[in-house]
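Here is the structure we will look at.
Protein chains: 6
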Amino acid sequence: MSMPSVSLRDVVSALDAELRTSEIPDYPGAVNGLQVANPGTVHRVAVAVDASRAAITEAVVSGADLLIVHHGLFWSGVQPLVGMQYDKYRAMLSNGLAVYSSHLPLDLHAEHGNNVRLAQALGLNPDGGFARFKTVDIGVTGTADEPTDELVHRVQAFSARYGGSVRTSIPAPGRRTHRWAICTGGGASSESLREARDRGVDTLIVGEGPHHTTVDAIEHDLCVVYAGHYATETLGVQSLGAFLETRFGLPWTFLHLPTGS
Amino acid sequence: MSMPSVSLRDVVSALDAELRTSEIPDYPGAVNGLQVANPGTVHRVAVAVDASRAAITEAVVSGADLLIVHHGLFWSGVQPLVGMQYDKYRAMLSNGLAVYSSHLPLDLHAEHGNNVRLAQALGLNPDGGFARFKTVDIGVTGTADEPTDELVHRVQAFSARYGGSVRTSIPAPGRRTHRWAICTGGGASSESLREARDRGVDTLIVGEGPHHTTVDAIEHDLCVVYAGHYATETLGVQSLGAFLETRFGLPWTFLHLPTGS
Amino acid sequence: MSMPSVSLRDVVSALDAELRTSEIPDYPGAVNGLQVANPGTVHRVAVAVDASRAAITEAVVSGADLLIVHHGLFWSGVQPLVGMQYDKYRAMLSNGLAVYSSHLPLDLHAEHGNNVRLAQALGLNPDGGFARFKTVDIGVTGTADEPTDELVHRVQAFSARYGGSVRTSIPAPGRRTHRWAICTGGGASSESLREARDRGVDTLIVGEGPHHTTVDAIEHDLCVVYAGHYATETLGVQSLGAFLETRFGLPWTFLHLPTGS
Amino acid sequence: MSMPSVSLRDVVSALDAELRTSEIPDYPGAVNGLQVANPGTVHRVAVAVDASRAAITEAVVSGADLLIVHHGLFWSGVQPLVGMQYDKYRAMLSNGLAVYSSHLPLDLHAEHGNNVRLAQALGLNPDGGFARFKTVDIGVTGTADEPTDELVHRVQAFSARYGGSVRTSIPAPGRRTHRWAICTGGGASSESLREARDRGVDTLIVGEGPHHTTVDAIEHDLCVVYAGHYATETLGVQSLGAFLETRFGLPWTFLHLPTGS
Amino acid sequence: MSMPSVSLRDVVSALDAELRTSEIPDYPGAVNGLQVANPGTVHRVAVAVDASRAAITEAVVSGADLLIVHHGLFWSGVQPLVGMQYDKYRAMLSNGLAVYSSHLPLDLHAEHGNNVRLAQALGLNPDGGFARFKTVDIGVTGTADEPTDELVHRVQAFSARYGGSVRTSIPAPGRRTHRWAICTGGGASSESLREARDRGVDTLIVGEGPHHTTVDAIEHDLCVVYAGHYATETLGVQSLGAFLETRFGLPWTFLHLPTGS
Amino acid sequence: MSMPSVSLRDVVSALDAELRTSEIPDYPGAVNGLQVANPGTVHRVAVAVDASRAAITEAVVSGADLLIVHHGLFWSGVQPLVGMQYDKYRAMLSNGLAVYSSHLPLDLHAEHGNNVRLAQALGLNPDGGFARFKTVDIGVTGTADEPTDELVHRVQAFSARYGGSVRTSIPAPGRRTHRWAICTGGGASSESLREARDRGVDTLIVGEGPHHTTVDAIEHDLCVVYAGHYATETLGVQSLGAFLETRFGLPWTFLHLPTGS
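Protein chains in written order, with this note's numbering: chain A, 1 to 261; chain B, 1 to 261; chain C, 1 to 261; chain D, 1 to 261; chain E, 1 to 261; chain F, 1 to 261.
Here is the structure:
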C-alpha cells in the first residue's frame, strides 16, 4: 500500500477554508494559519495542543511533516533564534516539519470547535454563544435541569481521561444547574463572570482562571468548574486530524503532552 | 480581666506606618489602607486572605470589629450596592466591622511580607528582590545548592498545611537548584519568566499562573512550582495579626477560607 | 388611608424601562440605575439633583426609603468608606434608604428630560437634538424669531425661581434669536460651541462652562446664556417623582438644595 | 520728549529670561513666548488676560505694537484663517501688533505670578506650593488663623474691583481658616480638591470650577471660594507691564475686558 | 476684455462640492478647504503642489488672489507666526492671497485625482481602488499585460517632464506586469507593500517611500517604481485650475516648484 | 596556514561589550544582538547593511558563518516562515549562518558609528551629539567655515563611491556652512529639522527623508543634503568587520548590495 502524498498547499487551503482563518478575529500573537512551511508535501500529520519543543520533537519522531496546534509559535512576539529557540526552529526546518496553528477559529468552530466538542463530550446541547470577542462568540451556552454535582462529576471524568484534575467550589446540596456556559482555555475572568451573571448562567465550565475569579464566583453564587486549560482544548485539534484523514486520507497522531495546567 | 479597647485611628496609624502604605505603589484596585471604618474602637481583630462574604460573615461571628485582608473590596472598581454587595456592605456597617487592606505593601514587607515569610517557611534565605513593579521588588530571590525535588517536597508540605496542592513539572533526576526566586500570588507571567531567565534563576516558586507559563517554563528549562495563590498568601496577614497583638494587646483570629486556587 | 407600599424591585423595573437605562450610553462614573438597595419596599420617594450628604440626610428626615438623583454616588470612582463617606453610607444603609441615579438617560428623555423640560419652561419648541454623545443627542435645538434679550429675561426668571443667577454677554441692541440650542448642566465646551457654529445656532442656553467658552463665544458672535448647572437640572428628577406617583401612588418630595453653581 | 523704541527681539529675550519660558512645562495649546511677530520695534505695550478680538482691537487703538496676554491665540489648535479669525489675524499683521503669551510660567512666577500676586492682594503669605503640574507647583499655600468669613470678604472686595462676583458656600458661624491654598483660573477640580484634603487645606481660593466641585467641597467640609477666572488672573500681566516699563521705559496699558466668568 | 471677478465664497463652495471636502476623511494636519481667506473676490488663480514660501511669493507675483495647493499650511500643527512664518502669513494677508488646500479629497477624486490622472498619463486603466485609508481608497489598481520595463520607461518619461527622476529595482529580463497599483506621494510603506502582496499586485508605482520598502519589495518580488513625490502629485491641482476656468472663466497658472523629492 | 576558528559565544560577547548592546535604547523591531545562532563556531564573517535575501545568499556563497548587519530580520514583527521567508530562514539554518544585528548601538558608536565614520570620511570633526532618541544622541554635530557647495561636493563624491546619488537644494551662491549636523539613515524628519533650527545648524547631512522635509528645509533656510540611506550606513558594519579581524583574526567581506535608496 502506497503512502499518501498531498501538497502542503492543498492541505493549508482546505484548513483555511474549513476554519475561515482569514475571517475570524484573534489576538495579535495567534497568527492563525500556516506558521512554518516545509518542502511542499504532507504524508503524515501530528496534532497537539501546544507548539512546544516536546511537541515538535515527538512530531518529528512520529514521521509527521505537518504539525497542527491550537497554541502556535508566536505568542511571545519576536524572539531571537538562539538557545532553545534555535534548536526548535532548526528541528522544524531541517526535518521538514510544517506547523499550522488555529486559535479562536478552532475554539469557536461549529463542528471542530473545542467548545462545541467539550459540550458534546459532557452530554450538553448548546443553544447559543458565550464569551464575546469582537465580532464572535468563543464559547457556548445552553439550558439543563440536573443536579450540579452530577455535571461536575462528568467534567471530572472527562478531565481525568486527559490526565487532568478538576477544581471547583462544592455545590450546595440539592443545587441544580439550569443554565450553563462553556469557555475552554483561560475562560474564567472578570469579564466572563460578569457575562455569566448578566445572562443568568448558574454553572460555568472553563479551563482555568486566576484566584480572584474563585472568590468572585462564590460572591455571586456562580458555580465555576475549572477543568484544566490543557484538557479542555484537546478535542479541537483531534477533530482537525480526523478532518484531514477524511478529506485526504492522511494518517494522523494526537500527541498527548499535558502540562499540568 | 478586661477586654482591650483601642481606637481605630491608632490601629490604622500603626498599620500605615509599619507597612509604609502611602509610599508603596500598587494597582488602582488595591486601595491600600482603611477601606471601611467602624464607630471608632477595636476590641478584636480577624485576618483573612480575601475580603469575601464568607470572611466578613466569619469575622462578625468571631466578634471582631476589624478585619485585615490582603485582597480588599475594590478590585472590581465601582459596584452598585445591590444584591449580595448590598448584603455584604450592610453586614459590615450594621455590625461595626472595619476593613483594612494591604496588597503590595504586605507582599514585599521585610518582616511581615508574604514573600519573605514563605521563604523562611521553606528554609530559604533571600539575598535580593525579584518581580519588579514600578519602584519596588515584590518577590525575593536567593542562592541554594540542593536537589530541586527536595525543595519541591518542602513546598508541597507547606501547601498541604493550608489545604492546597502543588503543581509543577517533574524535575529531571539529579537536577539541582542553584538560584531560586519566590513571587507569591499570581506570580507566573511572561514577565516574571523572562526576568527569571535573565537573572539566572533555575527554580521559581509562585502561587499560580496561566497555562502558557507552564509551556514556556519547560521551553527554557525553568522549574516553576505552582504552590497555590491562596496558600502562598496566608502568612502575611497572620504576621499583621501578631503585630497588633504585640503592639496593642488585641486578640486576633486567622480565618482560614481556602478557595481551591 | 393606608400608606402605599411598593416593592423596590417593581419601582426599579419601572424606572429602568421608562428611562431605557440599559440602552443609553454614559460616562463611566454615572452608573445609571439602582446604586444602593434597601430592605425591599418603597413607601415614600425623595428626588434631588445631587446625591450629597445633605440630600441623604433630608431624604431620611422626610421619611423616604428611595432617593432619586441626577448625579449619583460614584463620580469620583472607588472611595474608601471612611470619614464623611462612612457617615453617608451608614446613613443610607441603617435607615433603609435606596438610591436610584439617572444621568444622560434623564437628560435626554423625551418626556422627563432636563433639556426638553427646560425648553418647555422657557416657551421654546424643540425640533431636533443637540450635543451628540456617542449614539445619542443630549440636548435639544429649535427655531425662534424674537429679541435675544427677551429670551435671556425668561431664562433669568427661571433661574431665579431655583435660587440661581444667569451670566451672559449682553446681546447687541436689536439682536434676534433665530436658532437656539439647550444643553443643561456643564453644556458649554469647545465641542458644543463648535457644534453650535456648524449648525447655525445663534443662542446657546447651558448650565455652566469654563472661562474660555465665554471668550470663544464672543469671538464667534454666539450668545451663550449660563443659567446655572443646578437650576437647569432640577426639572427631570421632579418629573420622575410625578411619574412614580402616577404609576404607583407613591408620595414624593423635591429636596431643593442649591449649591450656587 | 522722545518716544522709547526698543527692538522686539530684546523685549522677547527679557521676557523669556524673566519667565523662564523654555523651562516651564505647560499644556500643548499654551505656546508660551512670542506668538506673532511685528516689523521689529516696540514703542508701547498693552496687557490683557485673553487674546480676544476685543483685546486686539483695543490694543491697536491704544497704539500698542506689543500685546502681552495670559491666554494666547492657539488654545483651539490649528484654525483656518477665515471669518472672524481672518479679521483677527489681519488686524494684528496689518497694524504691526505682536503678541506675547505666558500661561503657566506667569501663573507660578515668584514675583509676577497670578497666584503670588493674588495672595499679596488678600494679605496672605504663602509658605509653599500647591496644584502640582508635572514638575512645577502652579498655586500657593500658607497658614492663617482668622475667621473664614473675613477672608471671604476680602476676596469679594478684590473681585468687585475687577468687575467680578464671588461664589462660595456660607462658612459655618465661627469657622476659622487655618490652612489656605490659592489656584487662580480653573483651579477647582477633583484633583485640586483631593490635594487640598490630603494636605490639610480648609479654605481654597480659585477662579472657577465645575458644579461637582461645589458638591464635593461641602462633602468634605472644605470651603472653596470661586473668585472668578478673569478676576484672579488680572494681576500677572499687569506685573509684566510694570516690568517692561522698569526695564525699557516702555509705556503700557492694562486692557480691562471682563467676560463675566 | 474685462477681467473676471468671482466671489471667493462662490469659488470655495464650488470646490467643496466638487471635491466633497466635508465627507472625505483625512489626517489632522490636512485641514482641507479654505485655509486663509482674502478680502472677498477672486480674479486669478495659481495652483501648486506645496504651500511653500516660494509658492506664495510666485502666486503674489503672478497676480493671483487664490492659491490652490495639495499640501496646505498646517501639517506641522500650531506654529507661532515668527521669523519666516511671519513673513509668509504677512505676504498672504497683505497681498490678499487666499489659500485653498485639498489633500486626500484631491488624491482620490474620480476626475481630478492625482492617482487617476497619473494612471491616464501612463496609459493605464484603473478597475478598482488601492491603499485604504479609513473609509476610502486613495490609490487605484488595474490589470495589464506588458513587459515591466516598458511601463517603467513610461514612468521615467513622465517624471522627467516634471523635473524628476525615477528609482526602481531593475526588472528581471522578461518580467511582465499583470497587476499594477498606483499610490501617489508617500505611497510606499509596510502597509501598502503588504496590501500589494495580499492583492496580487506585481508592480507598484508610488511617489516615494523609505529605504526599508526597497529592501522589502525585493524580498517579495514586487517591483516598486519610485516616481517622485512631487512629480506624481502635479496633475490634480492642474485639473482643479482647469475646473475653475471652465466653471467661472478664471485664468490660472501652474507654479512648477520641484523640490527634488 | 590554518583557518581561524572562534566560538560564536566569544564573538557575540565581544560585540555586545564593544557596542554596549544591552544599554543602548532602540526601536522594538531592532532586536540588537545575536538574532540567529549557528552550530557554534565562526571561521569567516560577512558584513552588510541589510539582512536581505541577497545578503544571506551572498554570505553563504562567501563561506561566512556569521553575518553582521545594521538592519536585522525583525523590523516587520512576527512573520510566518512561509514563501520567501521560509527560504530565507532555511538558508540560514541549513548553512549554519548566524546573524548579528546592531542598529542604534552601531549608529552612535564613538569609534565604529555610522555617524562618526561618515563625518570622518567628509573631513568633519564632531564636537557634540545630534538627533536625541530617549537617552542617547544618534547623530553628530560640529562647526565649520567653508562654502556649503564644497561640502555638498564631498558628500556627492562619497555617495558615488557607494553607488548612490545626492539630492539637495542648490545652495545660494556664497552660502557658507558654519554649523553642520549628520544623521545617517532616515535622518530627515519634522523632529530633526526642528532640532537643527533650535540648535543653529545650517547644513544637515542625512540618508533620506520624506518630501515634506524638503519643503520645510527651504522654508527655514536650512540646507539638507540627502546622501542616500544605504550609502550613509555602509561604514559602521565595515568597522565591525575590521574590529573582529583585529580581535580574533577572522577574515571578513563587505557585501555591497545597494538598493537605490
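Cβ atoms here follow ideal geometry from the backbone N, Cα and C, with glycine treated the same way.
| query | result |
| --- | --- |
| Chain A contact for residue 248 (chain F) (CB, 9 angstroms cutoff) | no |
| Within 9 angstroms, strictly: CB atoms of residue 112 (chain D) and residue 240 (chain D) | yes |
| Supposed contact pair residue 209 (chain F) and residue 181 (chain F) - C-beta distance, whole angstroms, cut 8 angstroms | In fact, because the Cβ distance is near 13 angstroms, the residues do not count as touching under 8 angstroms. |
| Where residue 150 (chain C) sits in the DSSP three-state scheme | helix |
| Assigned secondary structure, residue 144 (chain D) (DSSP; H/G/I helix, E/B strand, else coil) | strand |
| Continuous beta strand (DSSP E) stretch holding residue 35 (chain E): start and end | 33-36 |
| Any 3 or more C-beta pairs closer than 8 angstroms across the region 129-146 of chain C and the region 51-63 of chain C | no |
| Neighbour list for residue 54 (chain E) in chain F, Cβ cutoff strictly below 8 angstroms | 218 |
| Segments assigned beta strand (DSSP E), at least 3 residues, entirely inside the region 185-251 of chain A | 203-206 and 223-226 |
| Beta carbon proximity, residue 195 (chain A) to chain B, threshold 9 angstroms | no |
| Interface flag, residue 27 (chain C) vs chain D, CB-CB below 9 angstroms | no |
| Limits of the unbroken beta strand (DSSP E) element including residue 132 (chain E) | 128-133 |
| Reduced DSSP secondary structure (H/G/I, E/B, other) of residue 57 (chain B) | helix |
| Which of helix, strand or coil DSSP assigns to residue 83 (chain E) | helix |
| Local conformation of residue 76 (chain F) per DSSP, three classes | coil |
| Chain B contact residues for residue 40 (chain C), given Cβ-Cβ distances below 9 angstroms | Per Cβ cutoff of 9 angstroms: no residues; residue 40 (chain C) is ~10 angstroms from chain B at best. |
| Contact residues within the region 89-122 of chain C, judged by C-beta distance below 7 angstroms to chain B | 89, 90, 93 and 94 |
| Test item: CB-CB of residue 73 (chain F) and residue 42 (chain F) under 9 angstroms | no |
| Per DSSP, cross-strand counterpart(s) of residue 100 (chain B) | B:34 and B:68 |
| Below-9 angstroms beta-carbon distance, residue 80 (chain D) vs any chain E residue | yes |
| The region 91-109 of chain D / the region 145-162 of chain D touching (three or more Cβ pairs under 8 angstroms) | no |
| Residues that DSSP places opposite residue 167 (chain C) in a beta bridge | C:226 |
| Enclosing alpha helix (DSSP H) for residue 176 (chain D) [first to last residue] | Note, residue 176 (chain D): premise wrong, no alpha helix (DSSP H); beta strand (DSSP E) at 176-183. |
| Own chain partners of residue 197 (chain A) with C-beta closer than 8 angstroms, once the 5 adjacent residues on each side are dropped | 220 and 222 |
| Neighbourhood of residue 171 (chain D) by C-beta, 6 angstroms cutoff - its chain only, sequence neighbours within 5 removed | 148, 149 and 223 |
| Minimum Cβ-Cβ distance from residue 230 (chain D) to chain C less than 9 angstroms | yes |
| Backbone CA spacing between residue 242 (chain F) and residue 46 (chain F) [nearest angstrom] | 11 angstroms |
| Distance between beta carbons of residue 166 (chain E) and residue 217 (chain E), contact taken as under 8 angstroms | Going by Cβ atoms, the distance from residue 217 (chain E) to residue 166 (chain E) rounds to 14 angstroms, so no, they are not a contact pair. |
| Classification of residue 90 (chain C) by the beta-carbon crowding that lies within 10 angstroms, buried from 16 upward | buried |
| Residue 48 (chain D) (DSSP reduced to helix, strand or coil) | strand |
| Euclidean distance between Cα positions of residue 233 (chain D) and residue 114 (chain D) | 6 angstroms |
| Spatially closest choice to residue 5 (chain C) from C:251, C:255, C:260 and C:261, by CA coordinates | C:251 |
| Contact with chain A by residue 226 (chain B), beta-carbon distance below 9 angstroms | yes |
| For residue 260 (chain D) and residue 169 (chain C), the rounded distance between their alpha carbons | 7 angstroms |
| Residue span of the alpha helix (DSSP H) that contains residue 115 (chain B), given as start and end | 114-121 |
| Pairwise C-alpha distance: residue 119 (chain D) and residue 225 (chain D) | 13 angstroms |
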